[in-house]
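Residue numbering for the sequence shown follows our numbering, starting at -5 and increasing by one per position. Quick reminder that beta carbons are idealized off the backbone N, C-alpha and C, glycines included. In what follows, a structure is listed as structure tokens, so that the remarks can point back to it.
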Amino acid sequence: MKRIGILFLLVAVLSGAAFAQADISGIGTDFENLIEQLGEDMLPNLEQSAIWGQFPGQAALPDDSRFFFTMSAGAVLGFNGLLSFVEPTNAAFEILNVYELVQEIVAGSEQADDLITFIQGFFPYPVARSALGFRLPAGFEAMVDFAIFPQFLANTATNLIDAVPPFEMNTLHVGTRVRKVLLQDAPGVPAVSVGAGYSYTGFNLAYDFTGMQGISTAIGELNLAGELYLRNRINSFGLDLQVSKQLGFFVPFVGISPYYQLAAFSGGVGTTTNEFDAYVDFSETAEERDIPYDGDPPATTLSDNDLSFVVFGGFDLVFGNLALQVHSSYSVGEGWPAVTIGTRWQ
């Protein structure tokens, strides 16, 4: 019996020493890995949405139109999904259980599991644009397009949909294009135009971990505080070739747009006013902090500077000065289609 007692005492001492020497510095690397995985899922779709802002489907404005104004909305259809790396067990993460983390973010929602499963296979990226264009001398036409997603819309989504947790999100897009009409629409001849354009798109997303319940890990309960933030900046430069043919009120069109994009995606946890704080607490009391994280706040960046080819097409339904437009595009390099519908006054 004495030997058994000594054995249990030895196990207890060794276990205590192991916990005392446990290191959670890997949590910083885990969060950087999490941000990189999010960036790889999101960036291709954000890049395609950044170059969305086409001229009207008609390759040349009608002779009696001096300007146009459009409003459109749609989505880039992200068939690669989002959170593809969120699994109950993922060897890429040393300490952080990303599946339980996401579960905790959407805790209290009966739709949580269904929501995660759905967006892993399909996640639409909303696109909305307003554009103002006008005719210039010598067969030129110019357009400015603009979009903004203010914070109050994100607040509305969290209030209406139980499975969506409170978050910060805002976007800004502004672009300009100029095109030259090469051929006017005529009997037996389509309208043809070529153009060039530039756009800037910014995207910000943040979620505050502070106040979230602890997450179970192999070495204890992990407590987190700090704001997870994602930032995206895309500068796009490109050309357009567009062809259309008016068939009564029905105007089909097709085109191609080669674009060079400078895309930067960054993220981290912690800001100047809310630093990243993490610790493992064995006794589940916030005061003890058995194993604190004393590394730098996790932060990482991704960049994707390359040439993209987008083919686009659709049709306009023109009724006098009013037009209904159905436009679609397909990114040849990434393979994600986008669809928008809208109205135009010209």
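Residue i, DSSP secondary structure in three states
| i | result |
| --- | --- |
| Q15 | Its pLDDT being 47, under 50, Q15 is placed unreliably by the model, and the measurement read from it follows with that caveat. Correct three-state label for Q15: helix. |
| I99 | helix |
| G169 | strand |
| S43 | helix |
| Y223 | strand |
| E135 | strand |
| V312 | strand |
| Q114 | helix |
| N299 | strand |
| Y93 | helix |
| L109 | helix |
| Q319 | strand |
| P38 | helix |
| L28 | helix |
| T83 | coil |
| G264 | coil |
| G127 | strand |
CA-to-CA distance, residue j to residue i, given in whole angstroms
| i | j | result |
| --- | --- | --- |
| L421 | R171 | Since the first and last residues shown for the chain are -5 and 340, residue 421 lies out of range. |
| D336 | G308 | One detail in the question is off: residue 336 reads as Gly in this sequence, not Asp. Cα to Cα, the separation comes out at about 12 Å. |
| A280 | E94 | Because A280 sits at a pLDDT of 49, beneath the cut-off of 50, its placement in the model cannot be relied upon, and the point is left open. |
| G249 | P50 | 12 Å |
| L318 | Q207 | 49 Å |
| N315 | A44 | 28 Å |
| G22 | L311 | 54 Å |
| I29 | E215 | 22 Å |
| S59 | R129 | 8 Å |
| E26 | A293 | 6 Å |
| G199 | D24 | Here residue 199 is Leu; the residue named in the question, Gly, does not match the sequence. L199 and D24: Cα-Cα distance of roughly 19 Å. |
| L32 | A257 | 15 Å |
| I89 | L109 | 24 Å |
| S238 | G182 | 12 Å |
| G242 | D57 | 15 Å |
| E269 | E135 | 50 Å |
| L233 | Q255 | 12 Å |
| L77 | I113 | 7 Å |
| M163 | G262 | 15 Å |
| S212 | P38 | The identity of residue 212 in the sequence shown is Ala, whereas the question assumes Ser. If you take the alpha carbons of A212 and P38, they lie about 34 Å apart. |
| F87 | V245 | 52 Å |
| W330 | D298 | 17 Å |
Contacts around residue i, its chain only, beta-carbon distance under 7 Å, and the 5 residues preceding and following it disregarded
| i | result |
| --- | --- |
| S187 | A53, A54, R173, K174, V175, L176 and Q236 |
| G133 | K174 and V175 |
| N84 | V92 |
| D288 | none |
Residues bridged to residue i (per DSSP)
| i | result |
| --- | --- |
| S251 | V304 |
| A180 | V183 |
| E162 | A200 |
| I354 | Only positions -5 to 340 of the chain appear in the structure, and residue 354 is not among them; the question remains open. |
| Y119 | V70 |
| Q236 | S187 and G249 |
| N217 | Y273 |
| W341 | An answer regarding residue 341 cannot be provided, because it is not within the stretch -5 to 340 covered by the chain. |
| Y324 | V305 and P331 |
| F293 | The sequence as given places Ala at residue 293; Phe does not occur at that position. A293 is bridged to G262. |
| S210 | E215 |
| P286 | Y273 |
| F143 | T165 |
| F244 | L241 and L311 |
Neighbourhood of residue i by C-beta distance below 6 Å, restricted to the same chain and skipping five residues each side
| i | result |
| --- | --- |
| V333 | G68 and S322 |
| G125 | Residue identity differs from the one stated: residue 125 is Ala in this sequence, not Gly. The residues are T64, M137 and D139. |
| F61 | F128 |
| S19 | G289 |
Below-8 Å beta-carbon distance, residue i vs any chain D residue
| i | result |
| --- | --- |
| A67 | The question asks about chain D, but that chain is absent: this structure has only one protein chain. |
8 Å CB neighbourhood of residue i in its chain, flanking five on each side removed
| i | result |
| --- | --- |
| T165 | A141, I142, F143, T195, G196, F197 and N198 |
| V326 | S302, F303, V304 and V305 |
| D300 | Y254, Q255 and G327 |
Item to check | the segment 58 to 72 contacting the segment 114 to 127, beta-carbon criterion three pairs below 8 Å | outcome: yes
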